[in-house]
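Sequence lines, in order, name chains A and B. Per my numbering, the very first residue in the first sequence carries number 908; after that it's consecutive. Per my numbering, the very first residue in the second sequence carries number 583; after that it's consecutive. Where a beta carbon is used, it is the ideal one built from N, C-alpha and C, also for glycine.
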Amino acid sequence: MKCQVPLLRRLGLLIIALALSSAHVAAERLHLIIPAGPGGGLDATARALGNAVVTMDQQAKVSYENRSGGGGGKAMAYFVSNADTLKNTLLVNSAPLIVRSLQGLFPHSYRDLTPIAGLIADPGVIAVRKDSKFQSWRDIAAALKGGKDRVFIAGGSVKGSLDHITLSLLAQAEGIDPRRLRYLAYDGGAKAQLALLSGEVDVMVSGLGETLAAHRAGTVRILGVTNDRDDMDGMTSFVDQGLDVVFYNWRGIFAPLSTSAERREELKALMNTVTNTAAWQEQLARYGWQPMFLSGDDFTAYLAEQEILLTGVMTGLGLIRP
Amino acid sequence: MAEGILTGIGTALTLQNVLWVAFGCLAGTLIGMMPGLGPISAIALMIPVSYSLDPTGGLIMMAGVYYGAVFGGSTSSILINAPGVASTVATSFDGYPMARDGQAGRALAIAAYASFFGGTMGAIILLIFASSLAAIALHIQSAEYSALVLLAMTCVVVFAGSNARLPSLITLLLGLMLGTVGTDPMGGAQRFTLGLLELSDGIPFVLLVMATFALAEAFRLAIGEPQLPRGSFSLRDLLIPLALARRLFRVASRSSVLGFIIGIMPGAGATLASFFAYDLEKRIGDGSREAGVTAPEAANNAASTGSFVPLLSLGVPGSGTSAVLLGVMLAYGLQPGPTLVTEQPEIFWGVIISMYVGNVFLLALNLPLIPYLARIVSLPQQVLIPLVIVFALLGVLLTTFSVFDLALMLLLALGATVLRAFGFPLAPLLLGFILSGLFEENLQRALMLSDGDVAYLLNRPIALGILLMNAAICLLPLWNRSES
């Protein structure tokens, strides 16, 4: 009864939580906290990582805990306030961590964690229908600047989300005031894509991972990607189109703040080894993810850089006061 | 196409795949019966297992998990008034009273037959019209969606019966108000969260449903006169008298077609379908409880099948569950979309046929279990009530791990108990809560698309048609009055 294992683990966790016990089994194991419900991208990342760890070391035990709510804030609050008692527990997190802490949605930031490694980076894309009047990002930018056409742009989440921010970064680089964009929020990238296909909107901003399948199937056309690579299915990056916009939704692994330097090195080394295994590569290919391996101080520096970039664009959007 | 279907049957009926679908059904039913765990969680939890299979086997097993979880959800909704997912809320309206009156076995059997019927009808419609139906999904835009949601709300108030209309309207509005707590679906602003992090994603659905249905019911039982459990629980419950079966057949047929059509539309397809089907039966049917269980069960299963239409034909998932399934398909390197039929016909047809096989297995596996499940309601109340309370608390704790949520749930349960004591129906509250986000989001988008011009809704034929139906339904009570 393989299927019951995750459930039993959940029940087991509950019992542990109820007993307020901090004692974990002495055997080498990892416990991954996922600040989202089952089925999403963060959940998939954690489980893919866990699979790779177990494939590499059959003795290893990896368990998962989905703590959704508060836009990831509940998991953060739990992780930060129990930092001293959480042994072998890691938090999976992604770019919205920085966005939401800048917005003040929750009081914590990445500084309350020990960054271990960045694992995956998903760039943003601008996509249109295959028969769209827009042939390139240039056409869209011209229409947006002209102000005559009402161009609606669909995104998979509320204003101030990564989709909206990706679009705003592009607008800013074109010298367009991002507050004047007609951004329509949908409940998830899939519904935004359906709105694009149904003709309700003409342009969509989304993540590459969510859109690549439709692009390959030929139902939508990706006009630009916010990465700096050029080896992809006939898509061009915005950098190649002369716009200095590189932006990723990264996903990474964090340890509690109190983690010792020695343990941090161990975890860094573990992530380094795992991400070089065939098992992890297979998981990446499976989901169409792009690897981004940054560990330790490099990862911390990247986060600091992202915070500055996001502060700029979010101030421009009026989401945070300067 | 006939060739494709034969290939599909050949694929789905290999011994190995049949075993996987049976396993999927069983696991799905067990997970679906757990409080707070619906089809989405069931599929997500089974993903690791599916990796060890080939694509067809894995997808076929997942179809079994999906149907199993939908059926498992109906079980808790009938037996202890605790629907774990929105699409089985309507089942509890008549199913739970049947269980209280000693007909738990009968209600579960009807639910199982109706699910089977709805799922089968859905699979047949999908088989015939699979690719041509995709166009419907593309005609439903924000304007149509908001008109449709409004229609669901109008129906629940108008069809409530002349004495219950005002209380229904009041609880519906209360539900809409509760639904506005959290993050504004367009602007992203925080509303009515009292600055609490716990409320920034809104009140969780499972929490509200456990509070207003399961807990409020447990409190009512605890306050009221103790009742002796009634009813027989034997395999005989599974046999439905021929006359009744004939009546229910008609109910299930129209509910399935209705459910399938609504299910094609992306979003809350299965939930809307079950409410519409229930309302329709109360209005034009014989109004019996058996029909009240049949209609939503047939509709939500047909709708679940319908939600595969946009996934298989456009590559865009129409519901949360099919989104998770899309993830599974992509992980196998499959590309759902218009090209799937032509490039990988064995998988396309295999999946559709396996839906049918999944339904047959679900029925075969679950019927024998029914008399045992039904015994839950025959437990003495001093055992049953604490059991329901633990079930409800566990359902919330398992999904959120939050003590704040438990406190909020108890508070809402107290409020719900008071409302019930004064004769306010709680179903409209739950409906208002489920639909408020959908309604607001779609209406806001429609208004943004038209720069705030309400006439936009009237300029679109489908939206206008739905709005006219709305108006007609609002006028119905007046007509009935003049008649009598």
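Minimum Cβ-Cβ distance from GLU1117 (chain A) to chain B less than 7 Å: no
Per DSSP, the bridge partner or partners of PRO1029 (chain A): For the record, residue 1029 (chain A) in the displayed sequence is Asp; it is not Pro. Bridge partners of ASP1029 (chain A): A:ASN1156.
VAL1132 (chain A) versus SER1113 (chain A) - alpha carbon distance: 10 Å
Selection of the region 884-898 of chain B by Cβ proximity to chain A, strictly under 8 Å: PRO892, LEU896, GLY897 and VAL898
Residues that DSSP places opposite THR1021 (chain A) in a beta bridge: A:ALA1162
DSSP-derived helix/strand/coil call for ILE785 (chain B): coil
Contact the region 688-703 of chain B vs the region 655-662 of chain B: 3+ CB pairs below 8 Å: yes
7 Å Cβ cutoff met for ALA884 (chain B) and SER856 (chain B): no
Option in B:LEU988, B:LEU854 and B:VAL933 with minimal Cα separation from ALA645 (chain B): B:VAL933
Nearest-angstrom Cα separation, counted from GLU807 (chain B) out to ASN1024 (chain B): 46 Å
GLU1172 (chain A) classed as buried or exposed, judged by whether at least 16 other C-beta atoms fall within 10 angstroms: exposed
Closer than 8 Å at the beta carbon, the chain A residues around ARG836 (chain B): Correct list: empty, because the minimum Cβ distance to chain A is about 27 Å.
Of the residues B:VAL906, B:GLY997, B:VAL965 and B:TYR1038, the one placed nearest LEU757 (chain B), counting alpha carbons only: Leu is not the amino acid found at residue 757 (chain B); the sequence shown has Gly there. The residue with the shortest Cα to Cα distance from GLY757 (chain B) is B:GLY997.
Burial state of LYS1066 (chain A) (16 or more Cβ within 10 Å): buried
Coarse secondary structure for ALA1061 (chain A), derived from DSSP in three states: strand
CB contact below 7 Å: LEU1224 (chain A) versus chain B: no
Euclidean distance between Cα positions of LEU1012 (chain B) and VAL1220 (chain A): 39 Å
Beta-carbon neighbours of LEU1069 (chain A), restricted to chain B and to distances below 9 Å: Those within 9 Å of LEU1069 (chain A) in chain B number zero; the least Cβ separation is about 12 Å.
Inter-residue CB distance, ASN989 (chain A) and ILE941 (chain A) (contact presumed, cutoff 8 Å): Rounded, the Cβ-Cβ distance is 16 Å, inconsistent with contact.
Closer than 7 Å to chain A by CB, LEU947 (chain B): no
Contacts around ASP1135 (chain A), its chain only, beta-carbon distance under 7 Å, and the 5 residues preceding and following it disregarded: SER1144, VAL1146 and VAL1153
Chain B within 7 Å of GLN1213 (chain A), Cβ atoms only: no
Segment contact, 8 Å Cβ cut-off, at least three pairs: the region 818-826 of chain B with the region 949-957 of chain B: yes
Local conformation of ALA1034 (chain A) per DSSP, three classes: strand
Endpoints, the beta strand (DSSP E) within which THR996 (chain A) is located: 996-1001
Chain A contact residues for MET644 (chain B), given Cβ-Cβ distances below 7 Å: Within chain A, no residue comes near MET644 (chain B); the closest Cβ sits about 12 Å away, beyond 7 Å.
Buried versus exposed, by CB contacts within 10 Å (16 or more), ASP1084 (chain A): exposed
Cβ-based neighbour list, TYR860 (chain B), same chain, cut-off 7 Å, excluding 5 preceding and 5 following: ALA672, PHE675, GLY874, ALA877 and PRO878
For GLU1023 (chain B): DSSP bridge partner residues: Its beta-bridge partners do not exist; DSSP assigns none.
Listed by chain order, chain A residues near GLN926 (chain B) by CB distance under 9 Å: Simply none; closest approach about 12 Å.
Residues sharing a beta bridge with ASN973 (chain A), DSSP: A:ILE941
Continuous beta strand (DSSP E) stretch holding THR1198 (chain A): start and end: Note on identity: in this sequence residue 1198 (chain A) is Pro, with Thr being the wrong assignment. PRO1198 (chain A) -> beta strand (DSSP E) spans 1197-1202.
Opening and closing residue of the beta strand (DSSP E) in which ILE1129 (chain A) lies: 1127-1132
Short-range partners of chain A found in the region 1020-1047 of chain B, where Cβ spacing is below 7 Å: GLU1023, ARG1027, MET1030 and LEU1031
Alpha helix (DSSP H) segment containing SER658 (chain B), residue limits: 637-662
Within chain B, the residues that PHE1059 (chain A) reaches when beta carbons sit closer than 7 Å: LEU1031
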